[in-house]
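Note that the sequence shown covers residues 718 to 899 in this note's numbering.
Here's the structure we're looking at; comments come further down.
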Amino acid sequence: MGHNSSTTRRIKKELMEMLSEKKACSIGTLDVISSKSEADIVGLFWEYYRFSVAKRLPSPEYIANRVPQATEQGIYANAKDVNLHNERQVALLGASVAKLSYDGGGCAHVIITDNSRAEITLKDGFALWLDVQRNGRVSIVASDYSTLRVHRYGRNTYVAIVCDDNADYKTIKHEEETYDKV
Numbered sequence: 718m719g720h721n722s723s724t725t726r727r728i729k730k731e732l733m734e735m736l737s738e739k740k741a742c743s744i745g746t747l748d749v750i751s752s753k754s755e756a757d758i759v760g761l762f763w764e765y766y767r768f769s770v771a772k773r774l775p776s777p778e779y780i781a782n783r784v785p786q787a788t789e790q791g792i793y794a795n796a797k798d799v800n801l802h803n804e805r806q807v808a809l810l811g812a813s814v815a816k817l818s819y820d821g822g823g824c825a826h827v828i829i830t831d832n833s834r835a836e837i838t839l840k841d842g843f844a845l846w847l848d849v850q851r852n853g854r855v856s857i858v859a860s861d862y863s864t865l866r867v868h869r870y871g872r873n874t875y876v877a878i879v880c881d882d883n884a885d886y887k888t889i890k891h892e893e894e895t896y897d898k899v
């Protein structure tokens with residue numbers, strides 16, 4: 718992705734309008750203002766992912782239609798047939814559908830929200846932290862000394878886990894629909 722100053726200015730202007738409506742913190746707002754490229758702006762999603770996901774800012778529709786380079790940083794909005802292997806940060810937003818596989822050690826963080834669906838395979842000592850929110854659905858197969866921590870938010874999520882005796886997993890239930898206190 719090349720640097721396109723007019724596109725960067727447009728995205729910054731649109732995001733500033735959204736941020737003012739959602740009452741974003743001054744530090745996050747300044748980070749958007751000081752961003753020099755679309756990649757910098759997209760990177761702010763991960764820096765402020767709790768706020769971004771909870772407030773749906775930007776919305777999955779906005780990301781899908783206006784920020785296609787988001788996939789370069791693991792953010793998929795209304796994406797179909799996503800297939801990823803050992804991707805360290807993944808956010809499935811909107812109505813995304815994905816197959817994710819992890820092996821060979823290491824760790825990753827995956828967010829599944831807004832009716833997204835995922836099938837995840839975890840093995841060979843890999844550690845996965847998973848947040849499932851707002852009607853997200855996921856099925857996971859974990860084996861071979863892998864570690865899985867699942868945070869389920871609200872009542873309308875579906876998580877199916879199949880683990881062998883050597884996998885370590887824990888599910889943490891949250892009453893809120895998404896991250897609280899953002």
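Glycine included, every Cβ here is placed at the ideal spot set by N, Cα and C.
Keep in mind it's a predicted model, so treat the numbers as computed, not measured.
Along the chain, where does the beta strand (DSSP E) containing K887 start, and where does it finish? D885 to H891
State buried or exposed for E755, treating a residue as buried only when at least 16 other CB atoms are found within 10 Å of its CB. buried
According to DSSP, simplified to helix, strand and coil, what is N800? strand
Are the CB atoms of V876 and R854 within a distance shorter than 9 Å? yes
Are the stretch 740-756 and the stretch 821-832 touching, with three or more C-beta to C-beta distances below 8 Å? no
Grab me the residues of I758's own chain with a C-beta within less than 6 Å of its C-beta, minus the 5 sequence neighbours each way, in chain order. I728 and S752
Look at the alpha carbon of T888 and the alpha carbon of I878, and state the distance between them as a whole number of angstroms. 10 Å
Three-state class that DSSP yields for K729 in the structure shown: DSSP places K729 in helix when its eight states are reduced to three.
Label S813 either buried or exposed according to how many other C-beta atoms from any shown protein chain fall within 10 Å of its C-beta, with 16 as the threshold for buried. buried
Nearest to F843 by CA position, among G822, L809, N832 and W763, is which residue? Out of G822, L809, N832 and W763, the CA that lies nearest to the CA of F843 is found in G822.
Supposed close pair A771, Y896 - CB separation, criterion 8 Å: 5 Å
Mapping DSSP to helix, strand and coil, what is D757? helix
Residues near I925 in its chain [Cβ-Cβ closer than 6 Å; skip 5 each side]: Look at the range of the chain in this structure, 718 to 899, and you will see that residue 925 is not part of it.
DSSP three-state call for A844: helix, strand or coil? DSSP places A844 in the strand class (E or B) of the three-state scheme.
Can you name the residues that DSSP bridges to T864? A844 and D885
In terms of residue numbering, what span does the beta strand (DSSP E) encompassing S818 cover? V814 to Y819
Residues in the same chain with beta-carbon distance under 6 Å from C824, minus the five sequence neighbours each way, listed in chain order, please. A844
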